């Protein structure tokens, strides 16, 4: 009997269907064994007698066989037929981005994907395994629930198998391309390159920049550090979003209470409350109202209440202010701005219009933050707050002027 590198005898499969996975060194098949679908991987004929690729094949199986994680494909057996693995019904990340472009525009979906990817990569690292070929074609998303399944440990690095047979240059870190020492940060670089492909990648810009730094010392030093940075950013954002409706209500209510019962014709100061909000709205969909304050009045008040911006940020801030105006003015125009000047602050009609404005601005801050990720969230909130307060102040002054007449 001829010597075989494999440990088990050949299996008889109920069905045998080729799958084109564009593998460089292996052919792949969907096979059925005892009524259950499996994934079979074989070396291409031109590599089957090459000891280097034979050992890499063995390395992949022996490494994968000892690992168990819900987001990692399971390795079942190594036979004369090849490596038998669980069959995953789904699409690669490459296919998902092409076939379902809207999926990752939802931040909940991209967060879930990133959380699962980092979890499985961190699991590999905790078991002394570097993947070293993280790329969209090696990440499957299951057809049910779109869960991550990481595949292909053929290029992995372990304490026992330190030779790697390949890489994908587009996603490989500089030290890997140069044949230098690799570690956890090499995989972290690849994670950053993968994030760049997501449609909403701008919300992860700071994380991506650090992940893909050329110098490993400038990257996150572990997957836990990446997760911590993302969780901190997410918690801060969610906290701000949660507070937004309360802050707007507080500003409007405080203003109502302050002005109620003040029969004086004197101008009443607006109670300062840090508030923000944003949602891009088509201003053409709201008919203009004659009482809407002039833009120059708003900008003058808004600019006087915010600090000067460094020259390097000027362009971004100017665009932010333009987006705030585009988002807020139609909503103000349809609520408080629509009231006749004869309606005074402190009245029921004024209060109802104020709450309607608050309701219409619920998602405004979130949208602005996502579209201006290069500007600190606190600054986005302050610019928005100043603009909303300026609008209300001008409207208030118009009402008080009308009362004085």
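Residue numbers (the working numbering): 2 to 406.
Cβ coordinates follow ideal geometry from the N, Cα and C atoms, glycine included.
Here the structure is a predicted model, which is why all the values come from computation and not from measurement.
In this structure, does DSSP put residue i in helix, strand or coil?
{"i": "residue 219", "result": "helix"}
{"i": "residue 18", "result": "strand"}
{"i": "residue 138", "result": "helix"}
{"i": "residue 213", "result": "coil"}
{"i": "residue 332", "result": "helix"}
{"i": "residue 322", "result": "helix"}
{"i": "residue 39", "result": "strand"}
{"i": "residue 376", "result": "coil"}
{"i": "residue 48", "result": "coil"}
{"i": "residue 347", "result": "coil"}
{"i": "residue 355", "result": "helix"}
{"i": "residue 53", "result": "helix"}
{"i": "residue 29", "result": "strand"}
{"i": "residue 125", "result": "helix"}
{"i": "residue 310", "result": "Here the model assigns residue 310 a pLDDT of 44, short of 50, so the residue's position is not dependable, and the following value carries that caveat. Note: residue 310 maps to coil in three-state DSSP."}
{"i": "residue 317", "result": "helix"}
{"i": "residue 337", "result": "helix"}
{"i": "residue 227", "result": "helix"}
{"i": "residue 381", "result": "helix"}
{"i": "residue 258", "result": "At residue 258 the pLDDT is 47, less than 50, meaning the model places this residue with poor confidence; the figure from the coordinates comes in the next sentence. Note: residue 258 maps to helix in three-state DSSP."}
{"i": "residue 34", "result": "strand"}
{"i": "residue 130", "result": "strand"}
{"i": "residue 371", "result": "helix"}
{"i": "residue 199", "result": "coil"}
{"i": "residue 79", "result": "strand"}
{"i": "residue 392", "result": "helix"}
For residue i, which residues in the same chain have their Cβ closer than 8 Å to its Cβ, ignoring the five residues on either side in sequence?
{"i": "residue 219", "result": "211"}
{"i": "residue 336", "result": "354, 355, 357, 358, 361"}
{"i": "residue 453", "result": "A query on residue 453 cannot be resolved here, the shown segment of the chain reaching from 2 to 406 and no further."}
{"i": "residue 185", "result": "126, 131, 222, 223, 224"}
{"i": "residue 176", "result": "182, 183, 187, 217"}
{"i": "residue 320", "result": "373"}
{"i": "residue 375", "result": "206, 317"}
Answer with buried or exposed for residue i, where buried requires no fewer than 16 other C-beta atoms within 10 angstroms of its C-beta.
{"i": "residue 330", "result": "buried"}
{"i": "residue 373", "result": "buried"}
{"i": "residue 191", "result": "buried"}
{"i": "residue 391", "result": "buried"}
{"i": "residue 105", "result": "buried"}
{"i": "residue 407", "result": "The structure shown does not extend to residue 407, since the chain spans only 2 to 406, so no value can be given for it."}
{"i": "residue 52", "result": "exposed"}
{"i": "residue 41", "result": "buried"}
{"i": "residue 161", "result": "exposed"}
{"i": "residue 324", "result": "buried"}
{"i": "residue 350", "result": "exposed"}
{"i": "residue 117", "result": "buried"}
{"i": "residue 15", "result": "exposed"}
{"i": "residue 332", "result": "buried"}
{"i": "residue 194", "result": "buried"}
{"i": "residue 247", "result": "Because residue 247 carries a pLDDT of 49, less than 50, the predicted location of this residue cannot be relied on, and the following value inherits that uncertainty. Per the 10 Å Cβ criterion, exposed."}
{"i": "residue 146", "result": "exposed"}
{"i": "residue 37", "result": "exposed"}
{"i": "residue 334", "result": "buried"}
CB-CB under 6 Å to residue i, same chain, minus the five flanking residues each way: which ones, in chain order?
{"i": "residue 91", "result": "141, 142, 143, 144"}
{"i": "residue 39", "result": "32, 85, 88"}
{"i": "residue 73", "result": "121, 151"}
{"i": "residue 28", "result": "43, 45"}
{"i": "residue 138", "result": "93, 95"}
{"i": "residue 173", "result": "none"}
{"i": "residue 377", "result": "none"}
{"i": "residue 215", "result": "175"}
{"i": "residue 70", "result": "121, 124"}
{"i": "residue 340", "result": "354"}
Could you check how far apart the C-beta atoms of residue i and residue j are, in whole angstroms? I think they sit under 8 Å.
{"i": "residue 97", "j": "residue 130", "result": "Their Cβ separation, rounded to whole angstroms, is 25 Å, which puts residue 97 and residue 130 out of contact at 8 Å."}
{"i": "residue 326", "j": "residue 388", "result": "7 Å"}
{"i": "residue 76", "j": "residue 65", "result": "4 Å"}
{"i": "residue 57", "j": "residue 155", "result": "6 Å"}
{"i": "residue 30", "j": "residue 17", "result": "6 Å"}
{"i": "residue 108", "j": "residue 204", "result": "6 Å"}
{"i": "residue 384", "j": "residue 322", "result": "6 Å"}
{"i": "residue 13", "j": "residue 68", "result": "With 8 Å as the limit, residue 13 and residue 68 do not qualify as a contact, their Cβ atoms being about 28 Å apart."}
{"i": "residue 382", "j": "residue 371", "result": "So it is not a contact: roughly 13 Å between Cβ atoms."}
Could you name the residues of the same chain whose beta carbon sits closer than 7 Å to that of residue i, not counting the 5 residues immediately before and after it, in chain order?
{"i": "residue 24", "result": "none"}
{"i": "residue 54", "result": "26, 44, 48, 166"}
{"i": "residue 400", "result": "342, 344, 345, 346"}
{"i": "residue 403", "result": "342, 343"}
{"i": "residue 168", "result": "133, 134, 156, 177"}
{"i": "residue 197", "result": "209"}
{"i": "residue 100", "result": "92"}
{"i": "residue 111", "result": "105, 199, 201"}
Report whether the distance from the Cβ of residue i to the nearest heavy atom of the ligand SAH is below 7 Å.
{"i": "residue 186", "result": "The ligand SAH is not part of the structure shown, which contains no ligands of any sort."}
Of all the beta strand (DSSP E) runs that stay within the bounds of the stretch 141 to 195, which reach a length of 3 or more residues?
149 to 151
Which whole runs of the beta strand (DSSP E) in the stretch 85 to 121 are 3 residues long or more, in chain order?
91 to 93
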